[in-house]
Amino acid sequence: MSHPQIVADPTIMMGKPCIKGTRITVELILRKLGAGQSFAELIVAYPQLKESDLRAALAFAADYLEHETVLAAE
25 MSHPQIVADP
35 TIMMGKPCIK
45 GTRITVELIL
55 RKLGAGQSFA
65 ELIVAYPQLK
75 ESDLRAALAF
85 AADYLEHETV
95 LAAE
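Residue numbers for the sequence shown follow the numbering used here, beginning at 25 and rising by one.
Following this line, the structure appears as structure tokens:
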């Protein structure tokens, strides 16, 4: 699946996937959401973000994980 709002550039944030036009990584967004911040709180904290950027980060992460091999816990 294509993710035009997500870019990875080796010269920006060590190549981590970021929201296009920002230095905000997908990882940061996932960590903030996982810690309980809402979309609204993230948009206030990072006014350059839009709700569509946050949704794009979630879709990117889901597509990335779809192709990961998960080992069963022993």
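Backbone N, C-alpha and C fix where the C-beta goes; we use that ideal spot for every residue, glycine too.
Which one of P34, E90, A59, R79 has the shortest CA to CA distance from R47?
-> Of the listed residues, the one whose Cα sits closest to R47 is P34.
Please state whether DSSP places V50 in a helix, a strand or coil.
-> Helix, per DSSP.
Close-in-space but distant-in-sequence residues of the same chain around K40 (CB under 8 Å, 5 per side omitted) = Around K40: A32, T49, V50, E51.
What residues in its chain sit with their C-beta under 8 Å from that of I30, if we drop five residues either side in the sequence?
-> Counting only residues of its own chain and dropping the five nearest sequence neighbours on each side, I30 has a CB closer than 8 Å to the CB of P41, C42, I43, K44, V50, A80, A81, F84.
Look up V68 in the DSSP assignment and say whether it is helix, strand or coil.
-> Here V68 sits in helix by DSSP.
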